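These notes are about the structure you will find just below.
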Amino acid sequence: MSKHIVIGVTGGIAVYKILDVASRLRKLGYSMNTIMTESACEFVKPLSFQTITNNYVVTDTFERPYTWDVEHIALAKKADIMLVAPATANIIGKVANGIADDMLSTTVMAARGPVIFAPAMNTAMYENPIVQENIAYLKEKGYLFIEPDSGWLACGDLGAGKLPTPEKIVEYVVGVLQKIEENAKEEVKRDLEGKHILVTAGPTIEAIDPMRYITNHSSGKMGYAIAEDAAKRGAKVVLVSGQTNLECPKGVERIDVRSARDMYKAVHEHFEWADAVIKTAAVADYRPKEMSNHKIKKNGDNLILELVPNPDILRSLGERKTHQILVGFAAETQNVIEYAEDKIRKKNLDFIVANNIAAAGAGFKGDTNIATIIEKDGTITEHPQMYKSELGNVILDKVKDYLS
Ligand code: CTP
């Protein structure tokens, strides 16, 4: 079935370019609806989009004010993806702050599929730290952005903020739509049937006393996405998980653990069974030397907590490995590749998935990641920002290559 795109058009001189985008997408066979903000209608009449897309246009102007509360849900459901272009600082700011006060912002908020923003604005506005923070926050939440071009802007300034050419926008949109289709096909591809995959996920918790503990910000999302993808592809999956808020994926056996030592035990118990081990867990490197059996009371003095190293689980697997494929993760904030290569050697890994957790759109909390895969033979493959479930499939493809 052909994919449906909802185009959200906000006010800016670049609106006319989106008519060309819509025309190209229609020629490629996609169906479309358009939502225009009031200010977009100042630049181009809804009739132009209606004619080019051969479909109705929704606006916030007075003829249709009574329908938008229902219409936005209908359009959000219909959309395989949304393209907001040109995206003004205003719509970016609204979505980043959860404001839904018109047709477009409510539809974006209700959308289930990918939402792509193509920002276009004056350079100073685009570089304004508030706009940049909003963009970074939205990227972290999984929204996609087409980077603006640099050049002469309509206001006479020279710099970043120019809407990319219609060709570039269409190429990006089609790329995202193709990925959706590929993922749908992956779901039915049961190419890991008969394989045993052990995944670790989430943080470990190291108790200080019965009330307090040391942990980290890992959400577990990456490991859960891999476990879910592997089960869909037919593998038997055991997920050794630290404490998270996530539901156990369908068809996956989950073993809940708290501390690094609990995780060590559970992982080693399943190691012989496993064909591949994927260690996304953020294991605490240290734990308090002693856990107090009673709540530590304050007495006004400094409290010194002595920490001792936890076992390095992955390294211990690397020492024990016979037939297993070992995949590590490296969450870094600097020298990403160098540290990752070092971990491959030290932990006897087949490959490592490295990411810079300081980058927008990557890291612990969000639904997307930006990863570099480094293999033991030195091959380095960079992957752009993608959903964790997509990255899960990329990692599993590599595991499959190693297994065969
Ligand atoms: N890991 C592990 N056991 C540990 C620490 C880490 O199994 N005690 C695993 C993680 O699950 C991950 C990989 O090792 O797959 C890399 O973890 P990371 O914390 O980034 O690296 P470390 O080896 O701890 O090195 P450093 O703290 O110096 O970055």
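Under the working numbering, think of the first position of the sequence shown as -11, with each following residue one higher. Where a beta carbon is used, it is the ideal one built from N, C-alpha and C, also for glycine. As the structure is a prediction and not an experimental result, all values here were calculated from the model.
Residue i Cβ short of 7 angstroms to ligand 1 heavy atom set
i	result
Phe259	no
Pro299	yes
Gly316	yes
Asp273	yes
Leu253	For clarity, residue 253 is Lys in the given sequence; the question names Leu instead. The answer is no for Lys253.
Ala248	yes
Leu302	yes
Ala223	no
Tyr114	no
Tyr327	yes
Ala213	no
Ala269	yes
Thr360	no
Lys364	no
Ala319	yes
Lys277	no
Thr188	yes
Lys331	yes
Span separating the alpha-carbon of residue i from that of residue j
i	j	result
Arg275	Thr268	19 angstroms
Pro53	Ile61	Since pLDDT at Pro53 reaches only 46, below the 50 mark, its modelled position is unreliable, and no value is offered.
Leu13	Lys(-9)	11 angstroms
Lys309	Leu132	40 angstroms
Lys388	Lys183	9 angstroms
Tyr390	Val382	13 angstroms
Ala110	Ile118	Note that residue 110 is Asn in the sequence shown here, rather than Ala. The alpha-carbon atoms of Asn110 and Ile118 are separated by roughly 14 angstroms.
Tyr74	Ile214	Looking at the sequence shown, residue 74 is not Tyr but Pro. Answer to the nearest angstrom: the Cα atoms are 35 angstroms apart.
Asn42	Val(-3)	16 angstroms
Cys236	Ser229	9 angstroms
Glu159	Ile168	14 angstroms
Lys156	Lys376	25 angstroms
Leu71	Ile185	37 angstroms
Ala328	Lys334	10 angstroms
Asp179	Ala189	23 angstroms
Leu16	Gly366	40 angstroms
Tyr393	Ile40	No statement about residue 393 is possible, as the shown extent of the chain runs from -11 to 392 and does not include it.
Ile368	Ala318	14 angstroms
Where the beta strand (DSSP E) through residue i begins and ends
i	result
Ser229	224 to 229
Gly139	137 to 140
Asn204	Element bounds for Asn204: n/a, residue is neither H nor E.
Leu379	Leu379 -> not in any beta strand (DSSP E); alpha helix (DSSP H) instead, spanning 376 to 391.
Gly147	146 to 150
Ile185	184 to 189
Ile368	368 to 370
Closest residue to residue i among the options (Cα-Cα distance)
i	options	result
Leu7	Lys(-9), Ser(-10), Ala28	Ala28
Gly316	Gly182, Ala213, Ile362	Ile362
Ile301	Glu329, Val255, Val45, Ile345	Val255
Pro297	Ser247, Ala319, Gly147	Ser247
Lys209	Lys353, Gly163, Phe37	Lys353
Leu92	Leu293, Gly288, Asn21	Asn21
Asn281	Pro198, Thr76, Phe37	Pro198
His205	Asn171, Ala346, Gly149	Ala346
Cys370	Trp261, Glu378, Thr360	It is Glu, not Cys, that sits at residue 370 in the sequence shown. Of the candidates Trp261, Glu378, Thr360, the one whose C-alpha sits nearest the C-alpha of Glu370 is Thr360.
Limits of the unbroken alpha helix (DSSP H) element including residue i
i	result
Thr243	Checking the sequence shown, residue 243 turns out to be Ile, not Thr. Careful: Ile243 lies outside any alpha helix (DSSP H), inside the beta strand (DSSP E) at 240 to 244.
Ala364	Residue 364 is actually Lys in this sequence, not Ala. Taken as a continuous stretch (DSSP letters only), Lys364 belongs to no alpha helix (DSSP H), as it is neither H nor E.
Ala332	Correcting the residue type first, residue 332 is Ile in the shown sequence and not Ala. Looking at the DSSP string, the run of the alpha helix (DSSP H) that includes Ile332 is 324 to 335.
Leu234	Taken as a continuous stretch (DSSP letters only), Leu234 belongs to no alpha helix (DSSP H), as it is neither H nor E.
Ala349	Rather than Ala, the amino acid found at residue 349 in this sequence is Gly. It is not in any alpha helix (DSSP H) - Gly349 carries neither H nor E in the DSSP assignment.
is_contact[residue i, chain B] using C-beta, thresh 8 angstroms
i	result
Ala248	Given the protein chain composition of this structure (a single chain), no chain B is represented.
Segments of 3+ residues assigned as beta strand (DSSP E) that fall wholly inside the region 76 to 129: 103 to 107
Start-end ranges of the alpha helix (DSSP H) lying completely within the region -11 to 37, minimum 4 residues: 3 to 15, 26 to 31
Residue ranges of each beta strand (DSSP E) within the region 253 to 322, 3 or longer: Here the runs fully enclosed are 264 to 267, 274 to 276, 295 to 297, 313 to 320.
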